[in-house]
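Visitor: One structure coming up, written as structure tokens, with questions to follow.
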Amino acid sequence: MLVDNGAEADWLVVAARGEDGVALLLVDGAADGLTRGGAPLADGTRSADLVFQDTPATACLASGPAAETLLLRAVYRGLAATCALALGAMERSLEICRDYLHERSQFGKPLAALQVLQHRYVDMLIAAERARSMTLLAALRADAAAAGDAEARRDLGLAKLTVGRSARHVGGQAIQLHGGMGMAYEYPIGHYYRKLLCCDAAFGSQDDHLALLADGLAAPASA
């Protein structure tokens, strides 16, 4: 598992399973037995693959059910925060596209005057608004999901799935509407697309959440 900024962290909170169940351990970043391999993500975020080999812990922060609750709360809140991050990247991508379509002219008129591009832009807006609604749902239901509410967990999965689909659609169309300029490293739209791809993969991909949702739907029938 890749950990964002894991190579630079002075302290690490590590989830480990022992005789008493899950435990949250505080580990010194300079502890013996810890190796960190740097691996930048597609969006440039510095991450690290952490390997623990007989690494001592400085303290046990929580164990048993308390640790599981804290861990689940961090996961579901992180999922909701990732949805919000993706929404922000989509909104900025839409702003950049809007300005570009009004400023770029072809055959004597701005690209924004072309109806087919208007329709594509509106589809992007609809996808972003759908993501906004599901992001709000994720924020409202994250703590309930962490507490074990099955319906809330389904809502979080639906939110992540929907936001991921919207992110790929908005980001991909933003590149297409810019033409060759969208691929230029110096231009921001491609960087937002890479951020959206990373948001889609974080805390479970679309396939991961779709599989979990399918399992949930199939469970009553097999009971």
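Each residue of the sequence shown is one higher than the last, beginning at 1 in the UniProt record's numbering.
No residue lacks a Cβ here, since even glycine has one placed at the ideal position from N, Cα and C.
Bear in mind the structure is a predicted one, so any value in this text is a computation, not a measurement.
Going by other Cβ atoms of all chains shown within 10 Å of its Cβ, with 16 needed for buried, is Q173 buried or exposed?
Guide: By the 10 Å Cβ count, Q173 comes out buried.
Visitor: Leaving out five residues before and five after D207 in sequence, what residues of the same chain have Cβ atoms less than 7 angstroms from its Cβ?
Guide: Closer than 7 angstroms at the Cβ level, and outside the excluded window around D207, lies no residue.
Visitor: To the nearest angstrom, how far is the alpha carbon of S133 from that of Q106?
Guide: Between S133 and Q106, the C-alpha separation is close to 36 angstroms.
Visitor: May I ask you to report which of helix, strand or coil DSSP gives A202?
Guide: DSSP places A202 in coil when its eight states are reduced to three.
Visitor: Per DSSP, what kind of secondary structure is L173 in: helix, strand or coil?
Guide: This sequence places Gln at residue 173; Leu is not what is there. Three-state result, Q173: helix.
Visitor: Could you check the C-alpha separation between V163 and G6 for me, to the nearest Å?
Guide: Whole-angstrom Cα-Cα distance: 26 angstroms.
Visitor: On a Cα-Cα basis, can you pick out the residue from E186, Q115, E91 and E8 that is closest to A131?
Guide: Residue E91 is the option with its Cα nearest to A131.
Visitor: What is the residue span of the beta strand (DSSP E) that R17 lies within?
Guide: Unbroken beta strand (DSSP E) run through R17: W11 to G18.
Visitor: For R17, count the other beta carbons within 10 Å of its own beta carbon; 16 or more makes it buried, fewer makes it exposed. Which is it?
Guide: R17 comes out exposed.
Visitor: Return the CA-CA distance between A9 and L217, expressed in angstroms with no decimal places.
Guide: When rounded, the distance between both Cα atoms is 40 angstroms.
Visitor: Does R46 come out as helix, strand or coil in the three-state DSSP assignment?
Guide: In this structure, R46 counts as coil in the three-state DSSP scheme.
Visitor: Quick check: what's the CA-CA separation for A15 versus T82?
Guide: For A15 and T82, the distance between alpha carbons rounds to 20 angstroms.
Visitor: Nearest-angstrom Cα distance between S63 and A23?
Guide: Cα-Cα distance, rounded: 4 angstroms.
Visitor: By DSSP, does D123 sit in helix, in strand, or in coil?
Guide: D123 falls in the helix class under three-state DSSP.
Visitor: So, at 8 angstroms on beta carbons, what are the nonlocal neighbours of A59 in its own chain, with the 5 sequence-adjacent residues on each side left out?
Guide: Once the five neighbours on either side are set aside, the close Cβ partners of A59 are L25 and L26.
Visitor: Do you know offhand how far Q118's Cα is from G171's?
Guide: Roughly 16 angstroms separates the two Cα atoms.
Visitor: Relative to the alpha-carbon of A127, which residue among D149, L94 and Y100 has its alpha-carbon at the smallest distance?
Guide: A127 has its Cα closest to that of L94, out of D149, L94 and Y100.
Visitor: Do you know offhand how far L114's Cα is from Y121's?
Guide: Answer to the nearest angstrom: the Cα atoms are 11 angstroms apart.
Visitor: Buried or exposed: where does L12 fall if 16 or more other Cβ atoms within 10 Å of its Cβ makes it buried?
Guide: It is buried - the Cβ of L12 has at least 16 other Cβ atoms within 10 Å.
Visitor: Would you list, in sequence order, the uninterrupted beta strand (DSSP E) runs of no fewer than 3 residues that lie entirely inside the stretch 17-95?
Guide: 21-28, 34-38, 47-52 and 59-63, all fully within the stretch 17-95.
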